[in-house]
Every structure is written in C-alpha cells, then in structure tokens.
Amino acid sequence: MIKKPLIAVVSLGHYVYFEQFEGLREELELKADAFINYLQAYNADIYYTGYIDRPERAFHAVKECKKRDPDMLFILFSTYLPSSVAAPFAYYLDIPQVLVGIQPLSHLDYNNTTTYMQLCNDDICAMPEAAGVYERLGKSIPPCFVTSADKEEEINRELAAWVSAASAKTAFKYATIGYLGHTYEGMYDMHTDPTAFTGTFGSHVKMLEMCELAEYVSAVGPDETQAKIDLIENTFEICDPSCDPLTDYVKRADLEWSAKIACALDKLIENNGLTALAYYYKGENDNLYERIAANMIIGNTLLTSAGIPLAGEADLKTAAAMLIMNRIGGGGSFAEIHPFDTRDNIVLVGHDGPHNISISWDKPRLRKLKKYHGKPGSGIGVEFSIKNGAVTILSINVKRDGSFKMVAAAGMSVEGDIPRTGNTNTRCSFGDDITGFLSRWCEAGPTHHFALGCGNRLEELKRFSRMTGIELVVVS
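Take 469 as the starting number for the sequence shown in my numbering and just add one per residue.
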C-alpha cells in the first residue's frame, strides 16, 4: 500500500487586532479554509492545527502536531503577526516547512482602502520578520510562497509540486528497502553504504538471501502459477523472434517459470514489508539461483508498475531514484544510456529490466532471449517505449565527501523505431545537440543507471531537494 503524506497546516494571526476590529478574525480564518480546499485535491492527508494568534497557543499546537508526526507544514500568514507566534514552529518542528502569503486582493482601491482592509491584505507583512527568526534560531529559512488569491493556476501548480515532493519523501519514512544478492562485479558506481543510505533517506536497508526467494519459488502451486500466467498474457503481447539471433520463441515452460518467480517475488516483498528492492545474482553453471535471477524480469516489471520499484544489478541508489520518480507522478523505469542517433538527434534510453509498463505508450511485448548480454542465463525480456511527450531522467550518486546528490534532466520521448532486442528502449530528445547534452550529462557525475519517468518533473525534484537537503544538479 502506497503511503500518503500527512500535510499539516497552521494559520497565524495577531490577537491584538481582534480586540480592535470586530469580525476580522472570522474573515482571516476563511483563508485557511480556502487553502485547505486546494490541498484536498491531492493525494494527501491533511491536519489543520487551527488558527493561532498567541505564542501560548502556538506551543500547544506544536505539541499536538508532534504527536501526529506530519511530513511537512504549511504556515499561512493571514495578516501581520509578531514572530513570536511563528517561532515555536521553527524551533520545535524539524520537518519541511513552507511560509505562505496568499493576499486576497491583487490590487487595492487605494482611495477607499481602510485599515481593516489593509490588515486583511497584510499576508506578506510579517514574513520577512519570521524568516529572520528562523535564521536567528539556527534553522534553515523555509521556502516562501507569495501570490494573490486570483492566481488559482499558480497556487495549484505550487501546491501540486510540494505535495508530490512530500509524497516522495514520505515513501522513505519508516520504510524497508530490500537488498538481494550483490552488485554487478566491477560497477564501482553501484556500491552504496547502507548506513549512509539510511542517513540520507531514513530507510532501513534489509539484506536478503537468494535461498529465501528460492523457498518461495518452490512453494508456488499450479493454481497460483496459472493465475499469474493469465495476468501476463493479458498484460503483454507475446512476440516471435526478431532479427536479433539472441531472440527465440516464448514457450509454455518459459511462461510457467517466470510466473512462479513473479509469485515468489510478490511473497518476498510482502513477507519483508519492502517498499523497494535492489537485486542481482550472478550464479554459475545454470544452478537454481542463476535460473531464478535470470527470470525475474516479468515479476519485477509487474511490481515496479504497481509502485514498488525494483532496481537491477543491485543498484540501491537507482531504486531510490525510481521510488522518488514514482511518487512525484513520473512512473519511473530502470534505464541507462544506449546508442545515440545524430541523424534524428535522439538517444536510446532503456535497459533489460526492471521496467514500468504503467508508462508504456503501447502494449508491452515479451521476447525470449537465449542469453542476456553481460549477464548469465536466459529468459523472457520485456520490450517497449514509454509514452511520447515530456520525460525526466533522475540519477543518484555519491560525492567525494560521501554525501548523496541527484542529477536530473528534462527532455522529450519521441515516436520512432526501436531495436527489437527484448529490452526497453525509448527515443529521447534533449535539445538541439544530442552529443553536447550527453557530454554535459556525463560531466555532471551521475551513475550510469537512472530512473526514466514521464512528464517534466524538475519542479517537484527541486522541492524534494529542498525538503531533504540532497543536492540537485540539473543538466540542460
């Protein structure tokens, strides 16, 4: 089950005004109602602390908020207020926060403006004071969102980006990420310190063994196998061999073996409470573990498409990138750079698995592969391109100081032929000079794997970066 973020909202004001101006408090409280109405359009739970106009009430609200453990906080400035009302939220709540000033009017009728009307539109007045208090308290100054109430499209766009980023951060909260097998030999960019991963994302990395998965495979019965075969046949187009001599016919025995492993993967995820999984196992001489590892592609594709990303070659960082991409709405498929095309000014982007068929532009295809290039074993591969239109690629790597960084770029998935090799391949355009872009991408220091997702998700990634403190490098 995909966790929804819990978004806390507090609206701040100044009690002194309410003793002077009848009806002002009631009018200002309506601003929180309007803001919460916007938030209710998104996949999040909302907790409203109530209207806070004194430091004592702020202290009480902070204690209640901590009990509920929200994932982020929007602080609404309804009028001028002394920063003592905002300070408790800065000091006691160590969660991402956004300061919000949505002024009711975009233009005042200056010749007829009263003090009451000015107070109703003083949403921004106290924000500099509050921001300065964050600094003096040793806290990071939150992002500040300032606009007028008539800018509904802008408000929706801003809130959608923040809630998407919060969803990505929430995915790692109290989560267990599985690690099965070992990294592909010699891929130095794949190695990840599990403790450093926990320090960055907050998730537990659970070490899993192939013997557990093999036990689940052996326990899969014929009815369960047939049900999974039915799902596979309804989901995929089963193809004959292509021009590639590595391709072959998909036989009944191939489907049965892949179906049993898919069922076993479901049990592995469920029994270990996994949010994501990085896996790879080399194996030798066609032993059981090798045959299982070589036939996980269908199972891990179905799971990835359902929102539980699996990353091949035991790439833990790309499992994280796929999880982020999924939760910000991009889907997220396991990918790397394939050959480029200077005539069409595109680069092929894909991998031999795992894939996310929820973002496929047509029905995904299955091809039997006699061998996997660079890997042992044989089995069924999944072949498709993701939807045409805007795309984002996201890589996560480790810097020389041991901290994590994200590298991202936005481009376009364009229509056209792809190789029929049983792998995913998407024709991606990144501006007018594909080789220039690829040079800049490599120079930014990504891993060679990344998450490929639909839509331009750079705004959501920028907000995720602000929330988590993970550096984001955007390549253009």
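Every residue gets a Cβ at the ideal spot worked out from N, C-alpha and C, and that includes glycine. Remember, predicted model here, so these are calculated numbers, not experimental data.
How many Å lie between residue i and residue j at the Cα?
i, j, result
"P473", "V718", "42 Å"
"A782", "F640", "18 Å"
"L496", "E524", "20 Å"
"I514", "A502", "13 Å"
"S574", "T894", "45 Å"
"A529", "A476", "11 Å"
"I737", "V688", "15 Å"
"H806", "I609", "42 Å"
"L862", "T582", "51 Å"
"I886", "R720", "27 Å"
"N755", "E927", "47 Å"
"R833", "H823", "12 Å"
"S828", "I854", "4 Å"
"R934", "A789", "16 Å"
Please classify residue i as buried or exposed, where buried requires at least 16 other C-beta atoms within 10 Å of its C-beta.
i, result
"A744", "buried"
"P596", "exposed"
"S686", "exposed"
"C588", "buried"
"N865", "buried"
"Y519", "buried"
"G670", "exposed"
"Q565", "buried"
"A727", "buried"
"L980", "One cannot answer for residue 980 here, as it falls past the ends of the chain, which runs 469 to 944."
"Q694", "exposed"
"D661", "exposed"
"P690", "exposed"
Among the residues of its own chain, which have a CB less than 6 Å from the CB of residue i, if the five just before and after it don't count?
i, result
"Y483", "D521 and R522"
"T638", "K471, P473 and D539"
"E758", "G751, P844 and G845"
"E883", "N856"
"L816", "H806, P807 and N893"
In the structure shown, what three-state DSSP assignment does residue i receive?
i, result
"M764", "coil"
"D869", "coil"
"C679", "helix"
"D698", "helix"
"D783", "coil"
"K471", "coil"
"L922", "One detail in the question is off: residue 922 reads as Cys in this sequence, not Leu. Three-state result, C922: strand."
"L733", "helix"
"C588", "helix"
"L561", "coil"
"E653", "coil"
"V601", "helix"
"L778", "strand"
"Y757", "helix"
"C612", "strand"
"R795", "helix"
"Y647", "strand"
"L461", "Outside the displayed range of the chain (469 to 944) lies residue 461, so it cannot be described from this structure."
CB-CB under 8 Å to residue i, same chain, minus the five flanking residues each way: which ones, in chain order?
i, result
"T810", "I902 and T903"
"A512", "K472, P473, L474, I475, V631, A634 and S635"
"T946", "Since the displayed the chain opens at 469 and closes at 944, residue 946 lies outside it and no answer follows."
Which residues in the same chain have their Cβ closer than 7 Å to the Cβ of residue i, if we skip the five residues on either side of it in sequence?
i, result
"L492", "Y485, F486, Y584 and L587"
"A554", "L480, I543, A598 and V601"
"K839", "L714 and S846"
"I729", "V685, I760, N763, M764 and G767"
Considering only residues of the stretch 813-870, which uninterrupted beta strand (DSSP E) runs meet the minimum length of 3 residues and lie entirely inside it, listed in chain order? 814-818, 833-837, 847-851 and 857-866
What are the start and end residues of each continuous alpha helix (DSSP H) run of 4 or more residues lying completely inside the stretch 484-541, in chain order? 492-507 and 523-536
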